[in-house]
Amino acid sequence: MPLKSYSQKIYHDVGIPLQDDYFLDEPEEIVQNKSMPQLESAVRIVAERTERGEKRVIHGDVLIVGAGISGMQAALDIGDKGYKVVIIDKTSTIGGSMVKLDKTFPTNDCSICTAAPKMVELSRHPNIELITYAEISSLDGKPGNFTANIWRKSKYVDPDKCTGCDDCVEVCPVEVVNPFDEKISMRKAIYIEFPQAVPIVYTIDYENCVGCGSCDRVCEPEAISFLEKSEEIEVHVGSVIVATGFEVFEPTEMRREYGYGKYENVITAMQVERLLSSFGPTEGKVLRLSDGKKPKSIGWIQCVGSRSTQLGFPYCSRVCCMYATKEASIVKEANPDIDITIYYMDIRAYGKDFQQYYDHAKDLGVKYVRGRPSSVYENPDKSLTIRYKNTLTGEVEENTADLLVLSTAIIPNQGNKKLGELLGVEVDENGFFKQQSLLTDPIQSTRDGVFLAGCIQGPKDIPDSVSMASGAAAKAVAPIKDREKHIGKEFPPEQDVSFEKPRIGVFVCHCGKNIAGYLDVEKLTEAAKKLPNVEYAEHMMFACSEDSCKKIRETIQEKGLNRIIVAACSPRTHGGLFQDTLLEAGLNKYLFEMANIRNQCSWVHSHDWDAATEKATALVRSSVAKARYLQALTEEEFSVYPCTLIIGGGVTGMKAALALADMGIKSIIVEKEPKLGGRLRHLHSMFPSDIKTEEIIDPLIKKINKNKLITVMTNSVLDNLEGFIGNYKGKVKQKGKEKEIEFGTIIVATGFREIDLKGRYQYGKNKNILSQTELETELKNNSLKEPKNVVFINCAGAMDEERPYCCRVGCGVSIKNAKLVSQKFPKSKSYILYRDMRVFGKEEEEYYSDVLTNHHVTTIRYAAEKKPEIILDKDRPGDGSVTVKVYDDILNEEITIQADLLVLTINTEGEVMTEKLKNMLKVPADAAGFYIETHAKIKPLDFSTSGVYLCGAAHYPKNLVDSIAQAEGAASRASIPISQERMKGEGIVAEVNEYLCRGCGICESACAYSAIEMKPHPKDPSRFVAEVNRALCKGCGSCAAACLSSAIEQKGYDSKQINVMIAALLEKEVAA
Amino acid sequence: MKKQLLKSKEIDAIKFKKGELVAEVEELCGENLFGCYQCGTCSAGCPFIEDMDLGPDEVIRYVVLDRNEVLNSKTIWICASCYTCAERCPRDLNITKIMEALRQIVLRKKIDHTKLVKISKKERESIPQLAFVSLFRKNIG
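As given, the protein sequences belong to chains A and B, one line each in that order. Here the first sequence is numbered in my numbering, starting from 1 and rising by one per residue. Here the second sequence is numbered in my numbering, starting from 10001 and rising by one per residue.
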């Protein structure tokens, strides 16, 4: 049926109206072929199904709405446990907001580089069904049995055929504003969001396409399909996770005084991210939008749209201080000549290493001015004048900036209300999704079986979103835990080819024109055929396409090939795909080698046909040389003992145990105190609500005691530990007795303590000077006498030279305690002396402003250089009132307060046992005694040592909301090996040659994963040899590089293989 | 630099019904002064800031710390009630109302620093008539 007929076009429901001249320049017979292509793939299936009036039905376990970093993390966590995940995203790719960022604070890691591997992993995961360009339209049912309807919009491009070659974009005549680049660049009507998009499938923008058909004419794989239809998909799942993220405040209506939208050089912070990004419109250069020139000065205005009870949102947006600091320091580092000023109210550098990051920015020369600008005017040269009051000097000043950046707030998605209604979940007054209980159940939404992850619940940075996403993954598994699990893919048995001569097959990919357009693939193939041991060589249009993989599989069997080389793109993105092809053909997946002739030849030498061809030939030659020595590698399999050890029985540890129990997994809690409850036992109530601690811990303890899957050991300390992931044996000392326990994974939830002030602030010398914990204990015991004046001093022992970090929780605690004292004694006056008021979490800013207004608490800011002075009474130094002297910036004078109660918010550090525990667990900890996670951004709950996880204040002090999210997240991480029952190690691991090993131990310290241990030689106990634990080895090769006696070889990359590769590269062309 | 304010015995002698200045101001204007974050937006945006001895934010600070000398400040009289501060305040404080409350506290005590005889002839000619009328009305109460 030719598409030329009108009835066909009309019949096509939401199709693009095709113009009549669409086929004019093509002869009739081609029209026949092209217009009615052999709809063999998904497109045809959808078309036929719709014709029959049916819809696609997917039976899965968990539905995840939104595939940003939170959604992806949740999907991977659940998929790894063996349950089927359906994940949808409303855009045409996954990655969400994180991929738009240039770098991430406080480590300055490249954002896309940390997100992209997760994106690729997700798209290749056998348990994850990814549906992009789709939105949820209804949700019915109850936990364990939900039915959701999903509307998948047509991309008008066949995903099975599209190779991502970019040819269509070049010819598309329509240019539209690019929302991915925050409207500062243009894109075509056929587009991918960004080069690393997953899936790499182009999308036709239905709104803007003119239907000229240019893309269709140039598309070599014939992937453009105007026949593709939008479809409704019915999904049956047991639970739902909502992770739809956030929007960024656009200051066009509100906060117009800053001139956004009116002045060209006033931009938002997200636009700066796009300018800084290497794949942004300026490829990493920060330029003025008005004239494309490099700015001489840049200003950042903080809290645009946040912390505003009028013309904005009342909450703190949590990330802006740090992202502004990050952007400013990146710009300053690259261009020291640019003058940079940040205008702020409070710098909220609350997280791990954040304060140090902020201090570093100041050292770089970024200027911070405390004052909120009132207005912005444009000058004739398009620079901007900012009018502000420097509240530290009291002067009203004006400053000009060539470029002005507004640190705009994270705000709820506009569609949140509608989405909430459709999901049956309540939305809070700001528009974020409401949680069941902020303090005790932040992940659970108001509907059973629907869970929240990331910024849908409130503004969050990446690690907090990732932790929460893992937590949601744990909770979402609970209703479906008894369902059948699917671990790994099934493949035919492997043939043993170790005794065969190498029979190498070389497959050269055209990648459309991407490779074939820049070098001679035929010549390359011919050259490959002539190489020794090459039995077969061929070039194919797209090696990664379904039919090409089938061809490779058939050729392996037909020609009896036992080593395969694909000369195409990067093994990072495509290696796994071809390895699967090998497995399907019955070959060991390590008998595969990839030559990256696209990135390394056709892309970088696009102007030189001959050189590109020569280099490609050399790369293939060296791959063939290596392939001759490739060996089948085995992946060690080991069983996992189905129990988790939780060290620490505070709220975090208890929540982790309960989350594990909900997933049907046993756990043992080891607690050093006689009772469960941790720090909360000594506290009165929790910030930012007034829930008493007993109301939080008592129900938890009750639940734990009732749960048969949880064993509690109080008065106990882990004394000795042996083994590795899956197979740990530990000795626990309980009241002098020793008990042996067995477990598969470990969660560290040891919490934190207040530091020793060593007499500073006169602490310990007067009984009216208390720490926050002591005050809370007194409040709890009702033993506090009525004070006239109460002074709280924040940051005691924090953010100084000795301890440069912020304690994250102190501001909140002091505000809550000021409220408690004022409530109890309405006549007493409270003063909080602070440095920056760091109340950043959900409902915290609101709580703070409520305490200020309703309890008339006076706040006095003090500078780091002018710490408050405390003078004891001469006559009664031990129990008299104390005099507090503090310099007030606003009044510009010293204020003296006679306080009969002085409360110090003391900085925190890791627990006492950290030192011993970190050696036992082989995990790192920082100078303050807080454990160091694998990756500050995307792996906040894992240690580099497999099988050990951390959560709560052991990682860094944090409030209850974040601790609980982390506890549930750690439970999810720790349950993955247990759910998989058997674990597979890496095939590429280090191997020690016992004869050559001198037992020097250099490799042991070089190993980042604690996989190497020095052990006495079994036959000659007098000498030590290195032993590699194959379960822990990640195959990084550090040990092989470090070994002085070349006693360690990296399997799959051994010296022989590398040497022949180098030799082959240096060899002159064999054919010539 | 420390701000120098005028001293006035009359103002120092004012007794507040509610006991303290903050309470009095809050009752008169209905604004909660403790909500102020001291960001300085009001001062930076004020069109008359050059002529003021205290910025509007400093006025709030004085009141919060219960310092009666704020009533001696020129600021409260220079304020033109243009509402720019109230419009931009992120804390939604109506600073204009606060200024009016402070003025009212002084006015209700019939305290006036204007000495008619001290106004020079030249000044007298340039000051609009309405200003004098207002002044007389104010003093009559």
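C-beta: ideal position from N, C-alpha, C; glycine also. Keep in mind the model is a prediction, meaning the values are calculated, not measured.
DSSP-derived helix/strand/coil call for residue i
i	result
Q10129 (chain B)	helix
N10072 (chain B)	helix
V65 (chain A)	strand
S35 (chain A)	Residue placement at S35 (chain A) cannot be trusted, given a pLDDT of 41 that sits under 50; what the coordinates show is reported in the next sentence. Residue state, collapsed to three classes: helix.
E369 (chain A)	Checking the sequence shown, residue 369 (chain A) turns out to be Val, not Glu. Looking at V369 (chain A) - three-state DSSP - the assignment turns out to be strand.
P463 (chain A)	helix
V174 (chain A)	coil
C1000 (chain A)	coil
Y191 (chain A)	strand
P10090 (chain B)	coil
E1013 (chain A)	strand
P699 (chain A)	helix
Selected residue, minimal CA-CA separation from residue i, among the options
i	options	result
C455 (chain A)	A:Y344, A:V248 and A:N959	A:V248
A1047 (chain A)	A:V1028, A:N1059, A:V1060 and A:A1064	A:V1028
E801 (chain A)	A:Q355, A:Q579, A:T652 and A:T859	A:Q355
Y773 (chain A)	A:L683, A:C811 and A:L633	For the sequence presented, residue 773 (chain A) should be read as Thr rather than Tyr. Checking every option, the nearest Cα to that of T773 (chain A) belongs to A:L683.
D873 (chain A)	A:I64, A:N390 and A:K767	A:K767
H856 (chain A)	A:R876, A:D662, A:I832 and A:A863	A:I832
K10109 (chain B)	B:Q10004, B:K10015 and B:L10006	B:K10015
I1074 (chain A)	A:V176, A:G66 and A:V169	For chain A, the structure presents residues 1 to 1072; residue 1074 (chain A) sits outside this window and is missing.
I10076 (chain B)	B:R10137, B:F10048 and B:L10065	B:F10048
P75 (chain A)	A:I386, A:S467, A:E333 and A:T325	According to the sequence provided, residue 75 (chain A) is Ala. The question's Pro does not apply to it. Among A:I386, A:S467, A:E333 and A:T325, the Cα nearest to that of A75 (chain A) belongs to A:S467.
S944 (chain A)	A:I725, A:V218, A:L784 and A:T385	A:I725
E694 (chain A)	A:K780, A:I746, A:G751 and A:P642	A:K780
A324 (chain A)	A:Y357, A:G238 and A:S308	A:Y357
G312 (chain A)	A:P492, A:N430 and A:D77	A:N430
G575 (chain A)	A:R124, A:C113, A:F792 and A:T385	A:R124
Nearest-angstrom beta carbon gap, residue j and residue i [assumed within contact, 8 Å]
i	j	result
L680 (chain A)	V651 (chain A)	6 Å
K229 (chain A)	V46 (chain A)	6 Å
L591 (chain A)	L630 (chain A)	5 Å
A953 (chain A)	Y931 (chain A)	Wrong, their Cβ atoms sit about 10 Å apart, outside the cutoff.
Q73 (chain A)	I184 (chain A)	Incorrect: roughly 29 Å between the Cβ atoms, too far for contact.
S297 (chain A)	T400 (chain A)	7 Å
N817 (chain A)	V903 (chain A)	7 Å
G1052 (chain A)	I988 (chain A)	4 Å
S70 (chain A)	A453 (chain A)	4 Å
Beta-carbon proximity check, residue i vs residue j, cutoff 7 Å
i	j	result
A656 (chain A)	A967 (chain A)	yes
S374 (chain A)	A10044 (chain B)	yes
D102 (chain A)	E378 (chain A)	no
G797 (chain A)	I906 (chain A)	yes
K666 (chain A)	L709 (chain A)	yes
G141 (chain A)	G238 (chain A)	no
V508 (chain A)	H539 (chain A)	yes
N10068 (chain B)	L10021 (chain B)	yes
D719 (chain A)	K733 (chain A)	yes
CB contact below 7 Å: residue i versus chain E
i	result
G371 (chain A)	Among the protein chains in the structure shown, which are A and B, there is no chain E.
**Report entry** Uninterrupted beta strand (DSSP E) stretches inside the segment 193-220 of chain A (no shorter than 3 residues)
**Finding:** Whole beta strand (DSSP E) segments, 3+ residues: zero.
Query - Ranges of the beta strand (DSSP E) found wholly within the segment 555-620 of chain A, counting only runs of at least 3 - result: When DSSP assignments are scanned along the segment 555-620 of chain A, the uninterrupted stretches of beta strand (DSSP E) that are 3 or more residues long and fall wholly within it turn out to be 563-568 and 592-596.
Requested in this report: Give, in chain order, every unbroken run of the beta strand (DSSP E) that is at least 3 residues long and sits entirely within the segment 757-796 of chain A.
Outcome: Runs of the beta strand (DSSP E) inside the segment 757-796 of chain A: 769-771 and 789-796.
Query raised in the report: Of all the beta strand (DSSP E) runs that stay within the bounds of the segment 612-694 of chain A, which reach a length of 3 or more residues?
Result: Counting whole runs of 3 or more residues, the segment 612-694 of chain A contains the beta strand (DSSP E) stretches 637-639, 643-647 and 666-670.
**Report entry** Sequence ranges, alpha helix (DSSP H) only - wholly within the segment 387-432 of chain A, length at least 4
**Finding:** You should have 416-423.
Query raised in the report: Taking the runs of the alpha helix (DSSP H) that are 4 residues or longer, which of them lie wholly in the segment 938-1010 of chain A?
Result: List check, alpha helix (DSSP H) in window: 960-980 and 1002-1006.
Query - Minimum length 4: unbroken alpha helix (DSSP H) runs contained in the segment 68-152 of chain A - result: Counting whole runs of 4 or more residues, the segment 68-152 of chain A contains the alpha helix (DSSP H) stretches 69-80 and 111-124.
**Report entry** Every unbroken beta strand (DSSP E) within the segment 868-916 of chain A, with a cutoff of 3 residues, ordered by chain
**Finding:** Correct list: 869-872, 882-888, 893-899, 901-906 and 908-910.
Report task. List in chain order: all unbroken beta strand (DSSP E) runs of 3+ residues lying wholly within the segment 483-533 of chain A. Result -> Whole beta strand (DSSP E) segments, 3+ residues: 504-509.
Query raised in the report: Whole alpha helix (DSSP H) runs in the segment 282-360 of chain A with 4 or more residues, listed along the chain?
Result: Every alpha helix (DSSP H) of 4 residues or more that sits fully in the segment 282-360 of chain A is shown, in chain order, as 320-334.
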